[in-house]
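*Asks:*
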């Protein structure tokens with residue numbers, strides 16, 4: 051009996067994969083790679099802060115509010131990823147370590163999304179300087195600063211390194227008081243952005259693994275009940291144009307390797323598909339393992355940084371990095387220095 055992929059199941063998987071690949075809010079977010087650049091030491095971050103300040107050019111046009119729209123899009127995507135991962139868990143599929151981190155800490159992510167919505171009212175960005183050039187053109191300067199911090203720390207925020215970076219930046223260009231106050235909310239938005247980017251990768255990989263599981267089950271069932279039809283199932287899989295990528299290949303190999311000579315035909319077919327690209331299945335499996343490890347670090351760092359944001363004394367942070375604050379504290383009569391924070395804030 052010839053076994054065929056159920057059209058509805060195949061279409062569902064394709065649609066889910068397309069959602070996580072193309073669900074964008076605006077063109078500048080078309081690159082969905084995690085915020086993951088070269089890791090910088092504290093000293094390197096300080097030097098980079100000065101370089102970034104020299105590079106930044108402020109636009110004379112008021113900033114447009116792209117970030118709220120992106121936050122809503124990130125929330126929708128994260129909810130879809132959670133649904134996908136929970137369904138996979140119910141089906142007894144093994145999810146990645148990064149996926150486990152996401153599910154276990156999703157309540158915290160939702161809490162910080164709510165905080166971001168509360169403290170980032172509509173048109174908030176319009177009062178903040180925006181950049182006129184570079185990859186972040188059109189976005190606020192303080193948002194670009196936190197993007198750079200997260201990118202060069204793999205999502206791990208250290209308050210001392212953050213403070214030194216901001217201080218170094220201000221040796222070249224001064225930040226407005228409103229920008230300093232915006233740093234915590236911008237950090238939340240950027241960390242949620244990073245978690246969304248990693249999560250979208252997790253979702254695409256999970257869909258590919260589900261597809262590999264589907265074919266593995268079909269092939270093992272055919273080998274057991276109608277072994278002569280295995281070649282027909284392999285042909286059906288080939289015609290369905292499966293993603294010959296690390297997640298799909300790694301899962302298919304995990305399910306079929308060592309299960310007998312008949313199923314070795316499938317693994318041979320995989321090797322033939324990879325031959326033209328100059329890689330082997332073992333290399334793809336290793337790449338998949340490395341990708342999972344990197345994603346786990348990014349997710350765990352970003353979630354840990356969200357926890358840190360809630361414990362930070364941002365009033366002290368802003369006061370210590372405000373140029374205006376430092377000037378007022380130089381008053382010989384110490385009138386300003388003896389004020390409590392609410393009075394200083396009104397001052």
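Numbering (the working numbering), first residue to last: 51 to 397.
Each residue gets a CB set at the ideal place from its N, CA and C atoms; glycine is no exception.
1) What is the rounded straight-line gap between the Cα of residue 282 and the Cα of residue 190?
2) For residue 58, which residues of its own chain have a beta-carbon under 6 Å away from its beta-carbon, when the five flanking residues on both sides are left out?
3) Taking residue 149 as the reference, which of 364, 347, 355 has the closest Cα?
4) Let's test the definition: count the other Cβ atoms within 10 Å of the Cβ of residue 228 and tell me whether it reaches 16, buried, or not, exposed.
5) By the 10 Å Cβ neighbour count, where 16 or more other Cβ atoms means buried, how is residue 77 classified, buried or exposed?
6) Report the residue from 208, 170, 209, 211 whose alpha carbon sits nearest the alpha carbon of residue 193.
7) Please state the DSSP three-state secondary structure of residue 108.
8) Please name the residue in 350, 146, 368 whose C-alpha comes closest to that of residue 155.
9) Under 7 Å between the Cβ atoms of residue 211 and residue 95?
10) Go through the stretch 197–232 residue by residue and report every complete run of the alpha helix (DSSP H) that reaches 4 residues or more, in order.
11) Under three-state DSSP, which class holds residue 178?
12) Assess contact between the stretch 289–300 and the stretch 318–331, defined as three or more Cβ pairs (one per stretch) separated by less than 8 Å. Is contact present?
13) Please report the residue range of the alpha helix (DSSP H) in which residue 157 lies.
14) Give me the DSSP bridge partner(s) of residue 190.
15) Whose C-alpha, out of 249, 102, 354, 300, is nearest the C-alpha of residue 224?
16) Can you give the beta carbon distance from residue 84 to residue 247, rounded, assuming they're within the 8 Å contact cut?
17) Any contact between the stretch 240–254 and the stretch 266–278? By contact I mean 3 or more CB pairs, one from each, below 8 Å.
18) Under three-state DSSP, which class holds residue 330?
19) Keeping to the same chain, check which residues put their C-beta closer than 6 Å to that of residue 305; ignore five residues upstream and five downstream.
20) Taking residue 111 as the reference, which of 357, 180, 203 has the closest Cα?
21) Since residue 356 contacts residue 128 with CB under 8 Å, what's their CB separation in whole angstroms?
22) Excluding five sequence neighbours on each side, which residues of the same chain lie with their C-beta closer than 7 Å to the C-beta of residue 217?
23) If you draw a straight line from the C-alpha of residue 202 to the C-alpha of residue 109, how long is it?
24) Measure the beta-carbon distance from residue 163 to residue 118 and round it to whole angstroms, keeping in mind my assumption that it falls under 8 Å.
*Replies:* Reading it off the structure:
1) 56 Å
2) For residue 58, the predicted model reports a pLDDT of 42, less than 50, meaning its position is unreliable and no value from the coordinates is stated.
3) From the listed residues 364, 347, 355, the smallest Cα separation to residue 149 is found for 347.
4) exposed
5) Model confidence at residue 77 stands at a pLDDT of 30, short of 50, so the residue's coordinates are unreliable; what they give is reported in the following sentence. That one is exposed.
6) 170
7) Residue state, collapsed to three classes: strand.
8) 350
9) In contact: residue 211 and residue 95 (Cβ atoms closer than 7 Å).
10) 209–220
11) It is coil, neither helix nor strand.
12) yes
13) 156–169
14) 180
15) 102
16) Residue 84 to residue 247, Cβ: 5 Å. Contact.
17) no
18) coil
19) 266
20) 180
21) Not quite, the Cβ-Cβ distance comes to about 13 Å (not below 8 Å), so this is no contact.
22) Once the five neighbours on either side are set aside, the close Cβ partners of residue 217 are 371.
23) 25 Å
24) Rounded, the Cβ-Cβ distance is 11 Å, inconsistent with contact.
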